[in-house]
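These notes are about the structure you will find just below.
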Amino acid sequence: MTLKTPLRLPTDWEPACCDSPSEINYTTEDGFRRYRDVEYAIVDGYRPLLLDLMIPADANKPAPLIIFIHGGAWLAGSKNFRSRDVDDRRPLFARLFEEGYAVATIQYRLSAEATFPAQVHDVKAATRWLRNAAPALGLDADRIGSVGESAGGYLSLFLGSNTSDPVLEGEVGMTGLSSSIAASVAWYPATRLDTLQEETLPGSPFPDHGAATSPSSLLIGVAVSEQPELARRASPITHINQATAPTLLIHGTLDQLVPHQQSIAYHEALQAEGVPSELHLIEGADHGFFGGDVDAIVDLTVAFLNARLCRGRARGTEEVHV
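All residue numbers for the sequence shown refer to full-length UniProt numbering, where the first residue is 1 and numbers rise by one.
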């Protein structure tokens, strides 16, 4: 019997945490540099965390960047998710590209893979990777914003909180850089997990938000009704502070899945903290903006981002019904 000498790694060896921006490949398509399946973080025991990135090829100065975060009740979806909302995102992305933005779409661990705060760790890790890569890729590290839909809106708000809490920052991927952003947009987000059930519209076909099998309970790993304090800690509204980025909330008044009171409460909490905030309630629109004017919603989103990322950070608040 022959014994093999065990492999000995150098004592200073560390596994790669992510792709290097100098080594990733891209294609040029329709006037864009397109980077696909970039590994922004590798977490032991999990699938690689990936992002896609599109940058205007003819940009003559560093481009502002929007990080788009998909929805799916924290249970489903990916950076490639064909969202039924806003017609597969095309109107929003088309407008952003017209305005000269680069757009990154990111994956994060779903609730069946890891519970809160893993999802927050992942979106912050993606932001740190993009900030580090900005000089090499022609991005403006000082003009980064986020847009998220539903569960992605929830994560966009966490990202926009700009909190320094190490429990939320995590140690996923590249560390030592800021994950702060300059503007946050959330479409129909959950902001208070502990009050979702009591605010749900009468007759909603969706299950009890406090039950053990609800999306929010699966996110935190226990029934919301049994651990309301944990649900509060896992709610974006709990983490608002004076460093929180200017925020835009858009929500349908007939949303049967995430009640629009969630966005109203978040907007009011931002106002109380002195953080610039806009709230647009879309009369008669359900979750996913069904029944709403998608073009008008995209216009509101792009106008907000232009104001915050291209023309400075004027303070102020606004509430509008569309």
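For every residue, glycine included, the Cβ atom is placed at its ideal position computed from N, Cα and C. Treat the numbers as computed from the prediction; the structure is a model and nothing was measured.
Considering only the alpha carbon of each residue, which of the options lies closest to residue i?
i           : options               : result
residue 28  : 43, 44 and 55         : 55
residue 188 : 250, 46, 162 and 51   : 250
residue 351 : 308, 307, 310 and 295 : Past the boundaries of the shown model lies residue 351; the chain is included only from 1 to 322, so the question cannot be answered.
residue 266 : 158, 228 and 288      : 158
residue 231 : 195, 171, 79 and 106  : 195
residue 234 : 289, 21 and 221       : 221
residue 92  : 290, 308 and 148      : 148
residue 153 : 132, 243, 309 and 185 : 185
residue 246 : 155, 308, 97 and 141  : 308
residue 192 : 260, 111, 143 and 241 : 260
residue 248 : 255, 264 and 204      : 264
residue 30  : 132, 280 and 97       : 97
residue 142 : 61, 202, 73 and 24    : 61
residue 183 : 275, 169, 20 and 132  : 275
residue 150 : 271, 70, 243 and 268  : 70
residue 74  : 118, 46, 166 and 47   : 118
residue 285 : 26, 254 and 310       : 254
residue 292 : 302, 280 and 268      : 280
residue 301 : 48, 215, 146 and 139  : 146
residue 303 : 99, 23 and 140        : 99
residue 76  : 48, 113, 271 and 103  : 113
residue 244 : 217, 229 and 277      : 277
residue 111 : 216, 228 and 271      : 216
Taking DSSP's pairing of strands, which residues face residue i in a bridge?
i           : result
residue 187 : 149 and 250
residue 172 : Answer is none; residue 172 lacks a bridge partner.
residue 56  : 32
residue 106 : 51 and 69
residue 244 : The partner list for residue 244 (beta bridge, DSSP) is empty, contrary to what the question assumes.
residue 27  : 34
residue 144 : 65
In the DSSP assignment, find the beta strand (DSSP E) that holds residue i and state where it starts and stops.
i          : result
residue 40 : 32 to 41
residue 64 : 63 to 69
Near residue i, what residues of its chain come up, given a Cβ to Cβ distance below 7 Å and the 5 sequence neighbours on each side ignored?
i           : result
residue 180 : 162
residue 18  : 39, 40, 41, 42, 129, 173 and 174
residue 116 : 219, 220 and 234
Please report the residue range of the alpha helix (DSSP H) in which residue i lies.
i           : result
residue 200 : No alpha helix (DSSP H) holds residue 200; DSSP gives it neither H nor E.
residue 266 : 261 to 273
residue 121 : 118 to 137
residue 21  : Premise fails: residue 21 is in no alpha helix (DSSP H) and is neither H nor E.
residue 301 : 294 to 309
With a CB to CB cut of under 6 Å and the five nearest residues on each side skipped, what residues in its chain are close to residue i?
i           : result
residue 101 : 64 and 66
residue 105 : 52, 68 and 79
residue 210 : 197, 224 and 225
Report all residues from its chain with a CB closer than 8 Å to the CB of residue i; omit the five preceding and five following residues, and keep chain order.
i           : result
residue 87  : With a pLDDT of 45 at residue 87, under the threshold of 50, the modelled position of that residue is not reliable, and no figure is offered here.
residue 50  : 37, 38, 39, 40, 79, 106 and 107
residue 57  : 28, 31, 32 and 33
residue 241 : 161, 162, 163 and 273
Assuming residue i and residue j are in contact, meaning their beta carbons sit under 8 Å apart, how far apart are those beta carbons, in whole angstroms?
i           : j           : result
residue 258 : residue 287 : 6 Å
residue 120 : residue 155 : 7 Å
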